[in-house]
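*Asks:* With positions in the sequence shown counted from 1, the corresponding number in the working numbering is that position plus 12.
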Amino acid sequence: MEVLIVGSGKLATELLNEFSLDASLMVRRWSHGSTTLCSAVVVHAGSGRELDDVIAYCHETRSVLIELATGSKLEISSPTFPVVLCPNTNLLMLKFMNMLAKSGKLFKSYHIEVTESHQAEKRSAPGTAIAIAQSLGLSANDVVSVRDPEEQLKTYHIPAEHLGRHAVHAIVVEDAACRISLETRVYGASPYADGVTKIVSALSSRELENRVYSIDELVEQGWV
């Protein structure tokens, strides 16, 4: 089976270079004009310019589409092929977030702060931080985003060599007597490439329904 990587940016290139899959899965970059019409696992890691072509391809071939973008129109679609929404592919982080989603309501009466830091060029919505905030009863507007490299160095102690690729999320829950701090740190790209590798491997061996799945569903099913 083929694994087609859609996109030409940093994430797509990292996936092409760092995938470590079973020999039965052949990885290559998506190219609509030269793509053979056969069932595949398609990983959309692009900006969205090619998404309509990708959707048409998956409809025709009944391929599985893994969507890595946040806020994709696929979130509200009724597809004729399996779609898996994976705005975050760091599986350890996803399991942490799954825990928050189930128990976050326990902290609704406390003062809560959620802060996230990513590389300065990140312009898309901080989907992971927003999901964390919502699990804790906050809104997307309550998330504090940090993009200034100097602040990242001095306040959040992010190593200089990782300013160009990092994801830090800090959660504070407190009352007058107690303060709880939770922090996640991801440096570089390897957790994401490793996560996508495991997701692709899990999906390629299963019969999926023609509907939208969330990555949380895969986590809860124990598939990843």
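Here a beta-carbon is modelled for each residue, glycine too, at the ideal position from N, C-alpha and C.
#1: Since H130 sits in a beta bridge, which residues does DSSP pair it with?
#2: Using a Cβ-Cβ cutoff of less than 8 angstroms, which residues in the same chain neighbour L33 once the five nearest sequence positions on both sides are dropped?
#3: To test your reading of the DSSP string, which unbroken beta strand (DSSP E) runs of 3 or more residues are found completely within the stretch 27-80?
#4: What is the DSSP secondary structure of T196, reduced to helix, strand or coil?
#5: With 16 other CB atoms within 10 Å as the buried threshold, where does L220 fall?
#6: Let's test the definition: count the other Cβ atoms within 10 Å of the Cβ of E26 and tell me whether it reaches 16, buried, or not, exposed.
#7: How far does the alpha helix (DSSP H) with V231 in it reach, from first residue to last?
#8: Write down every uninterrupted run of the beta strand (DSSP E) in the stretch 107-178 whose length is 3 residues or greater and which is fully enclosed by it, in chain order.
#9: Would a C-beta distance cut-off of 8 angstroms place Y122 and E186 closer than the cut-off?
#10: The ligand NAP and L33: does the residue's C-beta get closer than 7 angstroms to at least one heavy atom of that ligand?
#11: Please report how far the alpha carbon of L49 lies from the alpha carbon of H174, in whole angstroms.
#12: Any chance the stretch 86-94 sits against the stretch 220-235, with 3 or more Cβ pairs inside 8 angstroms?
#13: Out of G21, E162 and R177, which one is the CA nearest neighbour of A81?
#14: In this structure, how does DSSP classify L220 when only helix, strand and coil are distinguished?
#15: Taking the alpha carbon of E79 as the reference point, which residue from Y69, E30 and V95 has its own alpha carbon closest?
#16: Following the continuous beta strand (DSSP E) through V18, name the residue where it begins and the one where it ends.
#17: Going by C-alpha to C-alpha distance, which of G116, E163, N153 and T196 sits closest to H181?
#18: Taking the continuous beta strand (DSSP E) assigned at V95, which residues delimit it?
#19: Around the Cβ of T101, are there at least 16 other Cβ atoms within 10 angstroms (buried) or fewer (exposed)?
#20: Hey, how far is the Cα of V53 from the Cα of E62?
*Replies:* Well, looking at it:
#1: As a working mapping, residue 130 is identified with position 118 in the sequence shown. H130 is bridged to A179.
#2: Here residue 33 corresponds to residue number 21 of the sequence shown, with the count starting at 1. Excluding positions up to five away in sequence, the list reads V15, V39, T209, V212 and S213.
#3: The qualifying runs are 38-41, 52-56 and 76-79.
#4: Within the sequence shown, the letter at position 184 stands for residue 196. In this structure, T196 counts as strand in the three-state DSSP scheme.
#5: Residue 220 sits at position 208 when you count from the first residue of the sequence shown. It counts as exposed.
#6: The sequence position of residue 26 within the sequence shown is 14, counting from 1. A buried status is given to E26, since no fewer than 16 other beta-carbon atoms sit within 10 Å of its beta-carbon.
#7: Within the sequence shown, numbered from 1, the residue matching residue 231 stands at position 219. V231: member of the alpha helix (DSSP H) spanning I227 to Q233, first to last residue.
#8: List check, beta strand (DSSP E) in window: 123-130 and 155-158.
#9: Position 110 of the sequence shown, counting from 1, holds the residue named residue 122. Position 174 of the sequence shown, counting from 1, holds the residue named residue 186. Against a cut-off of 8 angstroms, the Cβ pair of E186 and Y122 comes out as a contact.
#10: Absence of the ligand NAP is noted for the structure shown, with no ligands found whatsoever.
#11: The residue you call residue 49 lines up with position 37 of the sequence shown. The residue you call residue 174 lines up with position 162 of the sequence shown. Their backbone Cα atoms lie some 40 angstroms apart in a straight line.
#12: yes
#13: Residue mapping note: residue 81 aligns to position 69 of the sequence shown, counting from 1. It is G21.
#14: Working through the sequence shown from its first residue, we reach residue 220 at position 208. DSSP places L220 in coil when its eight states are reduced to three.
#15: Translated into the one-based positions of the sequence shown, residue 79 becomes position 67. Proximity to E79 across Y69, E30 and V95 peaks at V95, based on C-alpha coordinates.
#16: As a first step, residue 18 must be located in the sequence shown, where it is residue number 6. It spans E14 to V18 - the beta strand (DSSP E) in which V18 sits, taken as one unbroken run.
#17: Counted from its first residue, the sequence shown places residue 181 at position 169. In terms of Cα proximity to H181, the closest of G116, E163, N153 and T196 is T196.
#18: Taking the first residue of the sequence shown as 1, we reach residue 95 at position 83. Unbroken beta strand (DSSP E) run through V95: V95 to L97.
#19: In the sequence shown, residue 101 corresponds to position 89, counting from 1. T101 should be labelled buried.
#20: Indexing the sequence shown from 1 puts residue 53 at position 41. Indexing the sequence shown from 1 puts residue 62 at position 50. About 16 angstroms.
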